[in-house]
Structures are given as structure tokens and as C-alpha cells.
Amino acid sequence: MVMVFMEQQVRFLNKAPGFIFLLFIIAGCGYNNKENFAIQKPGRIPLIYYAISNPAFSNKQDTILFNGRPFSGYAFYLFPDGDTAFVSGYLNGLKEGTTRQWYPGKVLKEERTYVNGFKEGIHKGWWINGKPQFMFQVSRDEYTGLLMQWYVSGHPERIFHYKNGREQGNEKAWWPDGKIRANYVIVDGEKFGLFGQKLCINQNIKQEIK
Numbered sequence: 000m001v002m003v004f005m006e007q008q009v010r011f012l013n014k015a016p017g018f019i020f021l022l023f024i025i026a027g028c029g030y031n032n033k034e035n036f037a038i039q040k041p042g043r044i045p046l047i048y049y050a051i052s053n054p055a056f057s058n059k060q061d062t063i064l065f066n067g068r069p070f071s072g073y074a075f076y077l078f079p080d081g082d083t084a085f086v087s088g089y090l091n092g093l094k095e096g097t098t099r100q101w102y103p104g105k106v107l108k109e110e111r112t113y114v115n116g117f118k119e120g121i122h123k124g125w126w127i128n129g130k131p132q133f134m135f136q137v138s139r140d141e142y143t144g145l146l147m148q149w150y151v152s153g154h155p156e157r158i159f160h161y162k163n164g165r166e167q168g169n170e171k172a173w174w175p176d177g178k179i180r181a182n183y184v185i186v187d188g189e190k191f192g193l194f195g196q197k198l199c200i201n202q203n204i205k206q207e208i209k
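Numbering (numbering that gives the first Met the number 0), first residue to last: 0 to 209.
Rendered as C-alpha cells:
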């Protein structure tokens, strides 16, 4: 699982300038994830497509209904020029499978996976200039493994590690000019090293990268 994740990380970073940074991540940040991730696989979604503007859609708390029943299929939205703005799968009224969102001009903005309404697997995002914005691994809405963020310039913003939704291991963060902002290690919940300015890290992914 870790090898597959690292291969996907390499493909994702092909859009970012400078492979020296990639080598730094793999060899220098101390990432040694031995956790056995229980990543869930999405269910089978019927190949039914409706525009999200269809009046048959409604919401009941977190459940999407179509004609009053939990929706299974794909909902999409188009820009005025007809290009796709987003498409999302649903199963029994909850998000399921891959959700993609674009900027105008067919530039991919986000690619996420859901299982039974929860964020699952590897989530990726890009800035409008095509450079990577974030990538993280998640299980049931909690960070699990490596999290990476970049500034719009392409410079790294932070590289964090998580286990069961909590920070664990070697954490690094930078200011936009490339200067180190934080460099510390978390062992059994205790921080050791350079903390820098408070980074507002939360356990729940919904309060972090959404």
C-alpha cells in the first residue's frame, strides 16, 4: 500500500517544479509509514447522470434525494460555456467514488474519493495555474499517513505525517519565501523541535484541507 501511495505521489509531483524537493521528501523527511491502512473501496455506482440543478434533487441532512428517494448515480454541474465544473458519484444518497472539480478552461482543481459519505484514500488538489496545491491520504475523514501542501508559486508549504487522525513523526513547514517555519517531531503526543508560529493543526480533516 505504501509503495502504491509513493508511486502516485511521484506522478502527482510531475506537475510541480523541481525533483530535488521530491528526493528530499522521500529520503530526508523521515517518512517511514508501517501502518496497515484499512482503505475502503467505493461501491458500484449506477451510470445515471443528472444536472445538480434538476428540481427533483433535494437534501435531507447529509443525504441527497432524487424525487424523494436516496439518489444513486452521478450529479454534475456545467459552466456557462458547457464545460464540466464538477461531477460527483452518489450511492444511497451519500457521496461515493471519485469526485472531480475543474476551474474554467478545463483545468482540474480537485480529485477526491468517498466511501459511504466519508473521505477515503488519496485526495489531490491543484492551483489554477496547474501546480499542486495539496495531497493527503485519509480514512473515514481522518488523516492517515502523509499530507503535503504547496503555495501557488510551487514552493512547499508543509509536509506532515498522521496516524489515526493525529500528527505523528517528523513535521516540516515553510514560509512562502522558502524559509523554515517549523521543524519538529511528535513522539507519543509530545512535540520536540522548532515549532514556529502556531499552524492551527486540528485532528479532524474537515477543519483542515476540505
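We put the CB at the ideal spot given by N, CA and C, even for glycine. None of the values given here were measured: they were computed from a predicted structure.
query                                                                                         : result
Any 3 or more C-beta pairs closer than 8 Å across the segment 131-142 and the segment 105-120 : yes
Cβ-Cβ distance between Ile51 and Glu95 below 7 Å                                              : no
Ile25 - DSSP class collapsed to helix/strand/coil                                             : With a pLDDT of 36 at Ile25, under the threshold of 50, the modelled position of that residue is not reliable, and the figure given next carries that caveat. DSSP places Ile25 in helix when its eight states are reduced to three.
Candidates Phe85, Gly92, Tyr89, of which the one nearest Arg99 by Cα                          : Phe85
Given Gly164 as reference, the closest of Phe135, Phe191, Asn182 once Cα atoms are compared   : Phe135
Contact belief for His154 with Gly177 at Cβ below 8 Å, rounded distance in angstroms          : 6 Å
Tyr73 vs Gly88 beta-carbon contact at 7 Å                                                     : yes
Sub-7 Å separation of Lys105 and Asp82 beta-carbons                                           : yes
Cβ-based burial, Leu146 [other Cβ within 10 Å; buried from 16]                                : buried
For Gly96, the residue or residues it bridges with in DSSP                                    : Tyr113
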